[in-house]
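Enquirer: Mind having a look at this structure? Questions to follow.
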Amino acid sequence: MQSTHSWARYGQDMYDYFSWLEANNIEWTDTAEYSGQSIVALYRDWSLERCKLSETTINQRLRTIVMFYRYAYRQGWVDTVPFNIETVMISRQPGMLAHVDASGSTKQAPDILLKEKRRPLKVLSKAQAIELLNAIENPTHKLMARMGLQVGLRREEINTFPRKYVINPMSGEKRSGMFRVTLDTKDMRTKGSKSRAVDIPWRLMADLWDYLIVTRHQLLTTMENNPKELFLNQYGQPYKPEGFGLNHALVALDLDFEVTAHVLRHTYATHTLYEMRKNKRSQDPLLYLKQRLGHTSINSTLVYLHYLDHVEDDLMTCYQEEIDAGSMD
2 MQSTHSWARY
12 GQDMYDYFSW
22 LEANNIEWTD
32 TAEYSGQSIV
42 ALYRDWSLER
52 CKLSETTINQ
62 RLRTIVMFYR
72 YAYRQGWVDT
82 VPFNIETVMI
92 SRQPGMLAHV
102 DASGSTKQAP
112 DILLKEKRRP
122 LKVLSKAQAI
132 ELLNAIENPT
142 HKLMARMGLQ
152 VGLRREEINT
162 FPRKYVINPM
172 SGEKRSGMFR
182 VTLDTKDMRT
192 KGSKSRAVDI
202 PWRLMADLWD
212 YLIVTRHQLL
222 TTMENNPKEL
232 FLNQYGQPYK
242 PEGFGLNHAL
252 VALDLDFEVT
262 AHVLRHTYAT
272 HTLYEMRKNK
282 RSQDPLLYLK
292 QRLGHTSINS
302 TLVYLHYLDH
312 VEDDLMTCYQ
322 EEIDAGSMD
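The structure is reproduced here in structure tokens:
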């Protein structure tokens, strides 16, 4: 396990599986087949057909269950595991070294996994992003949304963003551009507990500073209890790292389009990549975006490049300036 932050998810995965086993009076050590299927395959089909879960969610749970059974086998708790390993083809994104990559395009995987359908990214247009910000009345929620739209932070990163990263932009001579901020894992939550640098627009930093010294100060119950996190809820308390407070607030707006914290991140990535390619800046757009988003592999970032082919040009221009302007209405 790479991160202790994944333990809760693993626990939920195993809890769901063992609850199903108990409800069906099946022992987890039972490796017999029922109507030609293993107990894990039966659980998979139940999750898909009865619970209507997505293939991605089911596979996530199945991978956790596979890890558990492999561990149980190594410990001698079971003589065999309720799945087989098969060789599957994998699709590789083309890269600079693809022509010298001798690793092949196959991998070993459990035969119980479902084929995942590639769904199109959900990305807001410029007009939708502005409509969203204009609909948010709560100043905390509005700034949290802008941290997704303009910085590309994940939900847990927004929830745990520390107040000490906010500076008064008027204290220096800089009146435009970006502030480079390092997200340190000692200060906040990041995916995979990896630090990275992000860029915060000048106007957004100014609004964060105003929030820190005015709105946040009003939300604090006592100065003795001053959390390190920047964003506070209505009770003057920080949001839980895994909390869905922002998502719930976005859903409550009842807009005509779907929006979540992750949609905000997709929107930032897509529009940023478009503008950098359009302006033909010296820095490689994909590499810049990979670093800002904290992707381990460039293949994760390439998804946004492929998506650009399906987005109209007039929806993509002057993104940061338009978001700043829309947030001030």
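One rule links them: number in the working numbering = place in the sequence shown (from 1) + 1.
Idealized CB from N, CA, C, for every residue including glycine.
Looking at C-beta atoms only, is the number of pairs between the stretch 194 to 206 and the stretch 217 to 230 that lie closer than 8 Å three or more?
Expert: no
Enquirer: Taking the alpha carbon of F69 as the reference point, which residue from N135, F19, V199 and T297 has its own alpha carbon closest?
Expert: Within the sequence shown, numbered from 1, the residue matching residue 69 stands at position 68. It is F19 whose Cα lies nearest to the Cα of F69.
Enquirer: Can you tell me which of the three DSSP states D200 falls into?
Expert: Walking along the sequence shown from the start, residue 200 turns up at place 199. Of the three classes helix, strand and coil, the one that applies to D200 here is strand, per DSSP.
Enquirer: Figure out for me which residue from R293, R176, F232 and Q219 has the closest Cα to the Cα of K195.
Expert: Counting from one through the sequence shown, the residue named residue 195 turns up at place 194. Of the listed residues, the one whose Cα sits closest to K195 is R293.
Enquirer: Which partner residues does R10 have in the DSSP bridge list?
Expert: Here residue 10 corresponds to residue number 9 of the sequence shown, with the count starting at 1. Paired residue(s): none; R10 is not in a bridge.
Enquirer: Do V152 and Y269 count as a contact pair if the criterion is CB distance below 8 Å?
Expert: For the purposes of this step, residue 269 is taken as the residue at position 268 of the sequence shown. For the purposes of this step, residue 152 is taken as the residue at position 151 of the sequence shown. Yes. Within cutoff.
Enquirer: Which residue from L233, N139 and P121 puts its Cα closest to that of T161?
Expert: Within the sequence shown, numbered from 1, the residue matching residue 161 stands at position 160. For T161, the nearest C-alpha among the options comes from L233.
Enquirer: Could you tell me whether the Cβ atoms of L309 and I299 are closer together than 8 Å?
Expert: By one-based count along the sequence shown, residue 309 stands at place 308. By one-based count along the sequence shown, residue 299 stands at place 298. The answer is no: Cβ separation not under 8 Å.
Enquirer: Measure the C-alpha to C-alpha separation of W21 and C52 and round it to an integer number of angstroms.
Expert: Taking the sequence shown and counting its residues from 1, one reaches residue 21 at position 20. Taking the sequence shown and counting its residues from 1, one reaches residue 52 at position 51. Between W21 and C52, the C-alpha separation is close to 12 Å.
Enquirer: Determine the extent of the beta strand (DSSP E) in which L184 is found, giving its start and end residues.
Expert: Position 183 of the sequence shown, counted from the start, is the residue given in the question as residue 184. M179 to L184 is the extent of the beta strand (DSSP E) around L184.
Enquirer: Tell me the rounded alpha-carbon separation between N248 and V79.
Expert: Sequence index remark: in the sequence shown, residue 248 carries index 247 (1-based). Sequence index remark: in the sequence shown, residue 79 carries index 78 (1-based). Approximately 42 Å, taken between the alpha carbons.
Enquirer: For the ligand HEM, I want to know if R64 counts as a neighbour, meaning its beta carbon is within less than 7 Å of at least one of the ligand's heavy atoms.
Expert: The ligand content of the structure shown is nil, which means the ligand HEM is not present either.
Enquirer: If you compare alpha carbons, which of P83, Q61, N60 and Y11 is closest to R71?
Expert: Position 70 of the sequence shown holds residue 71. It is P83 whose Cα lies nearest to the Cα of R71.
Enquirer: Just verifying my parser: in three-state terms, what is the DSSP assignment at Q1?
Expert: Lying before the first or after the last residue shown, residue 1 is absent from the chain, which here runs from 2 to 330.
Enquirer: Compare the C-alpha of L115 against each of R45, V260 and I40 and name the closest.
Expert: As a first step, residue 115 must be located in the sequence shown, where it is residue number 114. L115 has its Cα closest to that of R45, out of R45, V260 and I40.
Enquirer: Go through its chain and collect everything with a Cβ distance to Y392's Cβ below 6 Å, but skip five positions before and after it.
Expert: In the structure displayed, the chain extends from 2 to 330; residue 392 sits before or after that span and is not available.
Enquirer: Do you know how far the Cα of D200 is from the Cα of M179?
Expert: Sequence index remark: in the sequence shown, residue 179 carries index 178 (1-based). Sequence index remark: in the sequence shown, residue 200 carries index 199 (1-based). Answer to the nearest angstrom: the Cα atoms are 6 Å apart.
Enquirer: What separation, rounded to the nearest whole angstrom, lies between the Cα atoms of T191 and G37?
Expert: To locate residue 191, count along the sequence shown from 1; it is residue 190. To locate residue 37, count along the sequence shown from 1; it is residue 36. When rounded, the distance between both Cα atoms is 43 Å.
Enquirer: Please classify D325 as buried or exposed, where buried requires at least 16 neighbouring CB atoms within 10 angstroms.
Expert: Reading the sequence shown from its first residue, position 324 is the one you call residue 325. Buried.
Enquirer: Count the other CB atoms, across all protein chains shown, that sit within 10 Å of the CB of V264; report buried if there are 16 or more and exposed otherwise.
Expert: The residue labelled residue 264 in the question sits at position 263 within the sequence shown. Its Cβ being crowded by 16 or more others within 10 Å, V264 is buried.
Enquirer: So is P121 buried or exposed if we call it buried at 16+ other beta carbons inside 10 Å?
Expert: As a first step, residue 121 is located in the sequence shown; it is residue number 120 there, counting from the start. Exposed, since its Cβ has fewer than 16 Cβ neighbours within 10 Å.
Enquirer: Within a Cβ cutoff of 8 Å, which residues of the same chain sit near P163, ignoring the five residues on either side of it in sequence?
Expert: The residue given as residue 163 occupies position 162 in the sequence shown. The residues are D188, M189, K229, E230 and L231.
Enquirer: How is P1 classed by DSSP in three states: helix, strand or coil?
Expert: Nothing about residue 1 can be read from this structure; the chain reaches only from 2 to 330.
Enquirer: My output table needs one value for I1: the three-state DSSP class, helix, strand or coil.
Expert: Lying before the first or after the last residue shown, residue 1 is absent from the chain, which here runs from 2 to 330.
Enquirer: What residue range is occupied by the uninterrupted alpha helix (DSSP H) comprising Q129?
Expert: The residue given as residue 129 occupies position 128 in the sequence shown. Its alpha helix (DSSP H) spans residues K127 to A136.
Enquirer: Could you give the distance in angstroms between the alpha-carbon of L209 and the alpha-carbon of L220?
Expert: Position 208 of the sequence shown, counting from 1, holds the residue named residue 209. Position 219 of the sequence shown, counting from 1, holds the residue named residue 220. Taking the straight line from one Cα to the other gives about 15 Å.
Enquirer: Using the three-state DSSP reduction, which class does E338 fall into: helix, strand or coil?
Expert: It is not possible to answer for residue 338, since the shown part of the chain is limited to 2 through 330.
Enquirer: Under DSSP, the alpha helix (DSSP H) around G246 begins and ends at which residues?
Expert: As a working note, residue 246 is residue 245 in the sequence shown. It spans G246 to A253 - the alpha helix (DSSP H) in which G246 sits, taken as one unbroken run.
Enquirer: Taking only the alpha-carbon atoms, compute the straight-line gap between M148 and N26 and give it to the nearest angstrom.
Expert: As a first step, residue 148 is located in the sequence shown; it is residue number 147 there, counting from the start. As a first step, residue 26 is located in the sequence shown; it is residue number 25 there, counting from the start. So the two alpha carbons sit approximately 48 Å from each other.
Enquirer: Among the candidates P140, I66 and Y236, whose CA atom is the shortest distance from the CA of L213?
Expert: In the sequence shown, the residue the question calls residue 213 occupies position 212. Closest option to L213, Cα to Cα, is P140.
Enquirer: Among Q284, V215, D285 and A128, which has the Cα closest to the Cα of N169?
Expert: Counting from 1 along the sequence shown, the entry for residue 169 is found at position 168. Considering only alpha carbons, the answer is V215.
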